[in-house]
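In our numbering, the protein residues as written are 1 to 132.
Glycine residues also receive a C-beta, built at the ideal position from the N, C-alpha and C atoms.
Please read the structure below before turning to the comments.
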Amino acid sequence: MTTINRIFQLMEAHEMNAAQLTREAGLTVGLVSQWKKGAQKPSSRNLQKIADYFHVSVDYLLTGKDGPSAPSLSLPEEDTVDSQLREVNFALSGEVHELTLNEKKDVLDFIKFVKAQRAAKDKKEGREHGHT
Numbered sequence: 001m002t003t004i005n006r007i008f009q010l011m012e013a014h015e016m017n018a019a020q021l022t023r024e025a026g027l028t029v030g031l032v033s034q035w036k037k038g039a040q041k042p043s044s045r046n047l048q049k050i051a052d053y054f055h056v057s058v059d060y061l062l063t064g065k066d067g068p069s070a071p072s073l074s075l076p077e078e079d080t081v082d083s084q085l086r087e088v089n090f091a092l093s094g095e096v097h098e099l100t101l102n103e104k105k106d107v108l109d110f111i112k113f114v115k116a117q118r119a120a121k122d123k124k125e126g127r128e129h130g131h132t
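This is how it looks when you write it as structure tokens:
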């Protein structure tokens, strides 16, 4: 596995896309896409930013060697919930971090409920107007 593959594996484990990593780790816009295309390789400075962001070592990113800084890709429940709430937290100006794990789950459940209600409404309106 390559360094780029390990970075994308970490992104997938944290349920994030290249734009989120770029923004949150302080990388140049479009850089992750360039890495994926093979047009560029990550600099040591950018590898350090990514390692710091994901709480892994640069050595892990480069070699994949297990060690005390190697990531656990099966995230604890709280990390998974926090990852899902990242954008909600941004929208609420950082207030999400003050919630308990159960309150965070309630927020996610409410978001899912609202989306399901909207989808049901859209489907119903589509039928009423002769659409399928």
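At which residues does the alpha helix (DSSP H) containing residue i begin and terminate?
{"i": "Met-16", "result": "Met-16 -> no alpha helix (DSSP H), and no H or E assigned at all."}
{"i": "Val-142", "result": "This structure does not reach residue 142, given that the chain is present from 1 up to 132, and the question cannot be answered."}
{"i": "Leu-31", "result": "31-37"}
{"i": "Gln-40", "result": "Element bounds for Gln-40: n/a, residue is neither H nor E."}
Are the beta-carbon atoms of residue i and residue j separated by less than 8 angstroms?
{"i": "Val-58", "j": "Leu-47", "result": "yes"}
{"i": "Thr-3", "j": "Pro-42", "result": "yes"}
Taking residue i as the reference, which of the options has the closest Cα?
{"i": "Arg-6", "options": "Arg-118, Trp-35 and Asp-109", "result": "Trp-35"}
{"i": "Arg-133", "options": "Lys-37, Leu-61, Phe-110 and Thr-100", "result": "Residue 133 is absent from the model: the chain starts at 1 and stops at 132."}
Assess, as a yes-or-no matter, whether the stretch 12-31 is touched by the stretch 52-60 under the definition of 3 or more beta carbon pairs within less than 8 angstroms. yes
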